[in-house]
Structures are given as structure tokens and as C-alpha cells.
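Peer 1: Chains as they are written, first to last, in this note's numbering: chain A, 218 to 601; chain B, 2 to 302.
We put the CB at the ideal spot given by N, CA and C, even for glycine.
#1: Does the distance from the C-beta atom of residue 529(A) to that of residue 247(B) stay below 7 Å?
#2: Step through the CB atoms of chain A and report whether any lies within less than 7 Å of the CB of residue 38(B).
#3: Which same chain residues end up closer than 6 Å to residue 169(A) when comparing Cβ atoms and leaving out the 5 residues on each side of it in sequence?
#4: Which same chain residues end up closer than 6 Å to residue 575(A) when comparing Cβ atoms and leaving out the 5 residues on each side of it in sequence?
#5: Counting only C-beta atoms, is residue 464(A) closer than 7 Å to chain B at any point?
#6: In three-state terms, what does DSSP make of residue 500(A)?
#7: Hey, could you find the ends of the alpha helix (DSSP H) residue 255(B) is sitting in?
#8: Near residue 80(B), what residues of its chain come up, given a Cβ to Cβ distance below 6 Å and the 5 sequence neighbours on each side ignored?
#9: Looking at the secondary structure, which residues open and close the beta strand (DSSP E) in which residue 157(B) lies?
#10: Can you grab the Cα-Cα spacing for the pair residue 491(A) / residue 483(A), in whole Å?
#11: Taking the alpha carbon of residue 70(B) as the point to measure from, which residue in 121(B), 281(B), 17(B), 49(B) has its own alpha carbon closest?
#12: Give me the chain B residues within the contact set of residue 528(A), using Cβ-Cβ distance strictly less than 7 Å, ordered along the chain.
#13: Following the continuous alpha helix (DSSP H) through residue 1(B), name the residue where it begins and the one where it ends.
#14: Using a 10 Å radius around the Cβ and a threshold of 16 neighbouring Cβ atoms, would you call residue 233(B) buried or exposed?
#15: Give the list of continuous beta strand (DSSP E) stretches no shorter than 3 residues that lie fully inside the segment 435 to 484 of chain A.
#16: Measuring straight from C-alpha to C-alpha, what distance separates residue 451(A) and residue 293(A)?
#17: DSSP three-state label for residue 588(A), please.
#18: Take residue 216(A) and list the residues in its own chain whose beta-carbon comes closer than 8 Å to its own, dropping the five residues that flank it on each side.
#19: Under a CB-based cut-off of 7 Å, is residue 460(A) close to chain B?
#20: Measure the C-alpha to C-alpha separation of residue 62(B) and residue 283(B) and round it to an integer number of angstroms.
#21: What would DSSP say about residue 268(A), mapped onto helix, strand or coil?
#22: Short check: CB of residue 25(B) to CB of residue 92(B), under 7 Å?
#23: Counting Cβ pairs, one atom from each stretch, are 3 or more of them under 8 Å apart for the segment 28 to 37 of chain B and the segment 269 to 285 of chain B?
#24: Checking 7 Å against the spacing of the C-beta atoms, do residue 269(A) and residue 302(A) come in under that value?
#25: Could you spell out where the alpha helix (DSSP H) holding residue 298(A) opens and where it closes?
#26: Considering only the alpha carbon of each residue, which of 313(A), 271(A), 284(A) lies closest to residue 329(A)?
#27: Can a CB atom of chain B be found closer than 7 Å to the CB of residue 379(A)?
#28: Using a Cβ cut-off of 8 Å, pull out every chain B residue sitting near residue 472(A), in sequence order please.
#29: Run through DSSP, which three-state label would residue 538(A) get?
#30: Going along chain A, which residues have a C-beta under 8 Å from residue 281(B)?
#31: Which residues share a DSSP beta bridge with residue 27(B)?
#32: Using a C-beta to C-beta distance shorter than 8 Å, which residues of chain B count as neighbours of residue 469(A)?
#33: Would a check of beta-carbon distances place residue 287(B) closer than 7 Å to chain A?
#34: By the 10 Å Cβ neighbour count, where 16 or more other Cβ atoms means buried, how is residue 539(A) classified, buried or exposed?
#35: Is the Cβ-Cβ distance between residue 562(A) and residue 495(A) less than 7 Å?
#36: Taking only beta-carbon atoms, is residue 295(B) less than 7 Å away from chain A?
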């Protein structure tokens, strides 16, 4: 399948233009395996947490609180950096929320926190202290080292194959398929045995899967930790592209759906809220906030081209744009698109649908759908 | 350019037209559009200097004369008296002055312009009809595609009706198969604009103010209007209905003028950019115009 996406590439090239070519050699950052931070300097004086496409003020506030707690518990840390890669919040809103958050923290903690924003406009560091900037600039090349054609996430998370296996197992768990033979899993994922085995081992280590004696595997329960990991990498993993209506009119997702129904595009399935309603007639949401589409294998078009073919006014959405259409690329081998009688368009499978719902921040509805699919009413999904 | 509040003006206009003749008159153009979209006007008014009044049916010479004379008796004054006076029997129809009347009060800066409904299958862009009033001979222009606006009339106030935006849009589209170079005689907010850009820009303004579902629903009415007004030539004319709009969307000056006129008219205060309007045009082509052209070309009957 020939797919190439320009969104991540252009964003990455802007990062490359804004990071220094020769970072300070006296500051050595390395990847940190702790949950509190992603990177730390060798001497432990500086830590950094990296957020891809931070969504809004709640996520920012939660992250600031975690950083403040870390600083409180580890007084040896001189500064904690929050690095935002292409955040969805506007710079202005981000500055307001950051300032408001610092005001309510102890001054001893607030004074040790720094915010770094990398987007198409460049690199912005707060506070605007040359030394503060110098330290974090030593880290930035590590964030941009991976080639633009490969997922940036690869340097920060598990391989793609892990998520491929995870989704198949979640799908199997939702529908009570029981333990899947490794051979079957390998076939569904179209991965090599080592990749499947590594993914299963990772799930076992987390206590999320168990292997049976007959070389089969199943999830013990809904894999919360791995699922959270998938959610944090979902945009990169699914090569999600977001589009806004450049006509200036309020988005009309229902109308877009109608257009697509009139002229279906082979290999394109409907996800998001519409798919959720197809899986659960009692799905608790009025209206359609946006149209989610899954671009499957065999579609030799970029998401931008699919969007344009649907509506000439759809353009890549900026951070402050209202999104009308989201396209996710589903490269998973097994074709789990579902075609229902009487419907002109196929629907995305429940796992892709759940990912769409989480992306929409419809967490309650997503959990309800999991319960619905898994139990038919019995509450088996562990609530936080 | 004066600002006219349609909710204030139209009931008063209706009252000026004799009740027995009110059924023959309807508003078209900017004032009709302002009335239809009055809830969305940012200033509760539209900047325009003329109120187009179309008198129907085709050849309603007597009705035009009676309405004009009634207004004159009520104190309405000639607008262009200093530019061109009435003609005589020797004056050619196309050289006659149009009937443009200003309201009695000096405070009101607009004028009524009388238009006529063209004959079915009219082939010329404009046909001038002669009206003989007490002052002399005047002309009423009958624009080729104005006939669409006499269909599907909507009610305004006090029995006065106005043209459906869908019909005005069709009329404007077909009236301008090219962007051309003809400029309007009066500048708009200090800027000379292409005539085609103003009219096609109004089509875009309509589309911007309506949902895509609504504009998509215009197709059936358009087809019916084409067959009613051009029973012989509807296919040929309709098949290229979007020609001028397509050219406008790729014409730098045309698009700029369209945006200027629209954003100083119906879209004043809406913060619409030229880019927005261009994309509205592309959507309109995709949603409505291209399917319409296809139906005109194809076997739809």
C-alpha cells in the first residue's frame, strides 16, 4: 500500500529548523524509564516530560500537577521541563493556562518549572532565560532524530506491531472469542512470529495477558495500561489527519456523511460516533460532533486527497480550528470493516471506534460501549 | 452608500403601491435579499442605493404605468432628471431613460427602479419596453434571465412579495457566463467593481448564509425554472450555468471584487474572508451547480 503523509513531515521539518545544530555538549539527556518523566539528565538535575499534541487545559493542568509533585518529592531536581510538541492549544491559551497554574503552586516549585513549545512557528521556552533554554536545547535533537518517514513515537514508545497485536486481542476479548492461537494471532496481524511473541510477552509482563499451554493467548481483562499507551500514541500510530472547513461555515458532519453515502469511496469506513451508534443503538450522545473515517488498506490516496474528494473546502485543521472531519489510517491487516444490511457505507470495527471515541474525549461513552460489547449489561470494565 | 433597514422599509414601500396593483409587483435584488436574510444581517440593514421592483407578468405595461403614476401622485420624484429626461416617440427603446423614483422625503437616499419580466425564450440580454407617462416616454428593461425571479415568489410584508434567493441566484449565474471587464457605474465603498463580480458575489453570499443542505435543494426549482422560461433552450443554457462562477473563482480581480461587494453587503460584519468565499464557491459548484449542469446535459426530463 502506497501511503505518504505530509502532515507529520512538515511539522517535523519545522522542528528541525528550530532546534540547534550543535547542542551543548556538557548536558547529556537520556531516556528515563520512570512514569514521572520521559527524559532526565545524567546528573539528575533536570527532567523533562514530552507531550505530543497536548489537547487542552485539563491535560496541561494535570501534567503541571504531576511535575510539581515530582519536584516536591525530589528536591535535587533543579528544573522540570514540560515539552509540548505541536500542541493543539493556541500559544495564547497555553500561556494563560501555564501562568494560572504557576500562580497556585508554591513559589519554590513554580520557579523550577519550564515550558517548551515546539510547533510550526518555532521553539518557545518559558521562562525566557538563556540558561533555561540552553539546557533544554540539548534534548531537542533527540526528539527530532528519527527520520520523518518513520513514526517519531518509535523513539518514545513501543513498536507499531505491539499495537497491532493489542488491537486484535482487544477485539477478540470484546467478543468473547477466548484464547487465540499464536498462529491465528500471527495470521490476523500479518506479523512475524518474533513480533507477535514480543508483543505477547510485553502484555504478560504487565499482567494483562496470559498464555495457555496450547500456545494460545488471551487478555485477562481490558488492558488498561497498554490501552493508555496506545491512546497516547494514537495520532502517530493511526496517522490521524484532521480537517476543518475553510469556507468559514459551521462544520456540518452530518452533511459530509451524506455526501459520502451518495458517493462511497472504496476502502473508507465510517468510525467515531456514527460507528458507535451502529454498535450500540443506545449510544448516549446527541448530534454528531465531527465525522470520523477510517482509511483502510487498498486506498491509494492520501487522507488530504480523500478529504478534498469529499469536500473541496476541507483543509488541514490548525490548532484553533473546529474539526469537521478526521481521517485515521488503518493499516491493520485483518479487514474488520463491518458492512450492515441497508447501509451504504461500512463501519469501523469496535476497536477503531473506541479509539475514535477516546480521541473525541467521549470517555464515558467509550466505557459504556466496552461494557455493552463485552457484557451486554454486566459491568466488567474496571472503572478508574 | 445608504443603509436600508428592510424591516422598516418594505412595509412602507408596500403601502405606497396601490392594493389592487400590489400583486403585480415584487422586489428583487439587494433589498429582496436583505429581507430574506434579515435575521442574519449584522447591522439590521443593507448598504444599497436601489430597490429593484419587478412588475409582472410579461408585458405588464399598463400595470407599470399605473404604479409609477400612483407613486408620482404621492410625491415620489425622478431620480435621474438632471442626467436624462424623458424621451419622445422618436427615441429608440434602448435609449429611453429607466423609471427611477426617489421617495418624497429628502432624508431617504435610495430609489425604486422598475424592471420588467422578459418574454419566454428571450434571446437578447436586455429588451427595453416603452412606457408612456405624463412626463414622456420611459423605458423598462427586461433582462433575459429575470423571468426566473417571477417564479416561487415569497411573501414579505403587507401583501408585497419578493424574489426567492434560489431564483435570484440562478438569474445571476446565467447572466454572467464570463467575468468580463464591465464595471459598475457607481463605486461600492469607494471601489470600482466588476458587475459580474457583484452579481456572482451575491450568489456566494446567499450560499454562505444558508446551509449546504438548503442550497443543494435548489436544483429541482432551478430545473423547473429553466424549463418554464426557456422551454426550447433550457438544456443548452443550463449545461454551462456554472461557467462564469468557475471563472470568477480563479480570477484574482473578480474574486477580490466579489468579496468586496459581498462583505460590504449581505455579509457585512460577518468576518468572511476572500478565502472563505472562494471555498463557499467551490462547495456550491460541487453540491449544486455541477449536478444541475449534469441534469441539463443528461436525460433528465
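Peer 2: Here's the rundown:
#1: In this structure, residue 247(B) does not lie closer than 7 Å to residue 529(A) by Cβ.
#2: By this cut-off, residue 38(B) is not an interface position.
#3: As shown, chain A starts at 218 and ends at 601. That puts residue 169(A) outside it, with no answer to give.
#4: The residues 448, 583, in chain order, have a CB closer than 6 Å to that of residue 575(A) in the same chain once the five nearest residues on each side in sequence are set aside.
#5: Closer than 7 Å: yes.
#6: Assignment of residue 500(A) by DSSP, reduced to helix, strand and coil, places it in the coil class.
#7: Membership of residue 255(B) in the alpha helix (DSSP H) is indicated by the continuous run 253 to 264.
#8: Answer for residue 80(B): 101, 103, 112, listed in chain order.
#9: Premise fails: residue 157(B) is in no beta strand (DSSP E) and is neither H nor E.
#10: Rounded to the nearest whole angstrom, the C-alpha separation of residue 491(A) and residue 483(A) is 18 Å.
#11: Looking at the Cα atoms, 17(B) is the closest of the given residues.
#12: Under the 7 Å cutoff, chain B gives 284.
#13: Because residue 1(B) is not part of the residues shown, which for chain B are 2 to 302, the question remains open.
#14: Per the 10 Å Cβ criterion, exposed.
#15: Along the segment 435 to 484 of chain A, the beta strand (DSSP E) occurs as fully enclosed runs of 3 or more residues at 458 to 462, listed in sequence order.
#16: In a straight line, the C-alpha of residue 451(A) is about 34 Å away from that of residue 293(A).
#17: DSSP places residue 588(A) within a helical segment (H, G or I) once states are collapsed to three.
#18: The question about residue 216(A) has no answer here: the residues shown for chain A are numbered 218 through 601.
#19: Cβ-Cβ to chain B under 7 Å: no for residue 460(A).
#20: Near 41 Å, if we compare the C-alpha coordinates of residue 283(B) and residue 62(B).
#21: When DSSP states are grouped into helix, strand and coil, residue 268(A) belongs to the strand group.
#22: At the C-beta level, residue 25(B) and residue 92(B) stay beyond 7 Å of one another.
#23: Segments in contact, no.
#24: Going by C-beta atoms, residue 269(A) is nearer than 7 Å to residue 302(A).
#25: No alpha helix (DSSP H) holds residue 298(A); the beta strand (DSSP E) holding it covers 296 to 302.
#26: The option with the nearest alpha carbon to residue 329(A) is 284(A).
#27: For residue 379(A), the nearest beta carbon of chain B is not closer than 7 Å to its own beta carbon.
#28: Close to residue 472(A), with beta-carbon spacing below 8 Å, are these residues of chain B in chain order: 212, 213, 214.
#29: For residue 538(A), the three-state secondary structure derived from DSSP is coil.
#30: Chain A residues near residue 281(B): 464, 465, 466, 530.
#31: 55(B), 162(B), per the DSSP bridge assignment.
#32: Chain order gives the chain B residues near residue 469(A) as 212, 213, 214, where near means a beta carbon separation below 8 Å.
#33: Contact with chain A is found for residue 287(B), since one of that chain's Cβ atoms lies less than 7 Å from the residue's Cβ.
#34: Classification for residue 539(A): exposed.
#35: Not a contact, by the Cβ cut-off of 7 Å.
#36: Answer no: the Cβ-Cβ gap between residue 295(B) and chain A never drops below 7 Å.
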